[in-house]
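Notes follow the structure.
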Amino acid sequence: MKSSPHSSYLSDYIKPSQIIYDLKATDKVQALEELLDVLAKQKLIENKKLILTRIIDRERLESTAIGHNVALPHARVDTGGDIAIAVGKSKKGIDFDAVDDKEVHIIILVIWNPSLPGLFNHLFAGLAQFLIRDDFRLRLFGAKNKTELFNVLSEVELRLPQQDRIISRASLLKKLQTIEIKMKKSRGSQRKQLKEQAALIRQELDRDLVDRYERLMHRYGFAVAEVDEGVCQGCNINVATGMSSAIEGSNDIYICENCGKFLVALKKKKK
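My numbering puts the sequence shown at residues 6 to 276.
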């Protein structure tokens, strides 16, 4: 297995022995343990207990189930190499607190090295592009054995996201801003807990992204603005029509051409 972050396909990071075709797990934690056991057996990770704790902490912050019966649990810890991936398929389905309330049938577990902050975005961008396609998911769920599942996953081409669009980091960046604003008003154990949550998010985000976020926070007091009816709430200027449409219903981050703040879709209030 190649380990270069510039590889073009998911198959550069995974082999059939890292796939469980029929997960025995009946809940989220059991599934994570089962997949980590595979990576430990392949000597791709050390300290399974520490990694499991890190992944569960991440899940508590925000579910990694991305909808369409797929979950991408992950943690940024030193694997000894560049990246470690395990894939599991559950016939019955596992509750992952998904945004669409659907049980998860495909779990792609990713552990990557802290010294490679851009690697997860590289993987996530490629995976997201394929997983949103109905035809790809149909073949993924319909794979009859481990070999077929591996062959389908091998088709995933990895591409870095464009500079003005950061794949699926919007909810995390917005949450980081909310947490850090709360931190300024908190004390004691609450502040400590918020600080730990902020650190967990920062570990996952790319360094360049965090640097830009910090500059905006220092200058304006906030870095992430919502788009409401095509208007950036950070500067009250209309955003490009194409961008406004793309942001709607998306978890991707875009950047306002006028004020430079990160743009996210307006969070609709539940009735």
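Beta carbons: idealized from backbone N, C-alpha and C, even for Gly.
In this text the structure is predicted, and so the values were computed from the model without any measurement.
Assumed close pair residue i, residue j - CB separation to whole angstroms, cut-off 8 Å
i	j	result
I111	L145	6 Å
Y26	N150	6 Å
E38	L57	6 Å
Contacting residues, own chain, Cβ-Cβ under 7 Å from residue i (five flanking each side not counted)
i	result
A91	Q23, L40, V43, L44 and L114
S159	Y14, L15 and S16
L128	V115 and L163
N263	C237, C240 and I242
Nearest residue (CA-CA) to residue i, options the options
i	options	result
E231	D213, Y218 and K266	K266
Q182	I258, Y259 and M222	M222
K48	I71, E219, K272 and A89	A89
L178	Q195, V236, V75 and D213	D213
D257	S176, D211 and C264	S176
E219	E234, K29 and A203	A203
I250	L57, V161, A270 and G239	The sequence shown places Ser at residue 250, rather than the Ile named in the question. Checked all of L57, V161, A270 and G239; the closest Cα to S250 is A270.
I50	V82, A36, I60 and C261	V82
A36	I61, M248 and K46	I61
L205	I184, R224, M248 and K53	I184
Same chain, Cβ closer than 6 Å to residue i, neighbours up to 5 away in sequence not counted
i	result
H79	V115
I19	I90
A148	L154 and V157
Pairwise C-alpha distance: residue j and residue i
i	j	result
R102	E67	According to the sequence displayed, residue 102 carries Asp and not Arg. Computed Cα separation, rounded: 9 Å.
Q134	S194	41 Å
I171	L132	Low per-residue confidence applies at I171: pLDDT is 47, beneath 50, and the placement is therefore not dependable, though the value from the model is reported in the following sentence. One C-alpha to the other measures close to 14 Å.
C240	D216	21 Å
R196	L143	45 Å
R207	R63	11 Å
K97	N118	32 Å
D139	I252	21 Å
D233	K272	9 Å
V229	R192	24 Å
T246	L28	45 Å
Closer than 7 Å: residue i CB and nearest the ligand FAD heavy atom
i	result
E153	Annotation note on the ligand FAD: not contained in the displayed structure, which lists no ligands.
Beta-carbon proximity of residue i to residue j, cut-off 8 Å
i	j	result
M188	K180	no
K107	G72	yes
L268	V244	yes
V34	V75	no
Neighbourhood of residue i by C-beta, 8 Å cutoff - its chain only, sequence neighbours within 5 removed
i	result
P21	K151, T152 and F155
D32	I99 and D100
F227	Q182, I186, L221, G239 and K266
T69	R63, A76, L77, P78, H79 and F101
Q167	Residue placement at Q167 is flagged as unreliable, the pLDDT there being 48, under the threshold of 50; the coordinate-derived value follows with that caveat. Answer for Q167: no residue qualifies.
Q137	First, the residue type needs correcting, since residue 137 is Ile and not Gln in the sequence shown. Closer than 8 Å at the Cβ level, and outside the excluded window around I137, lie H73.
F141	F135, V157 and E160
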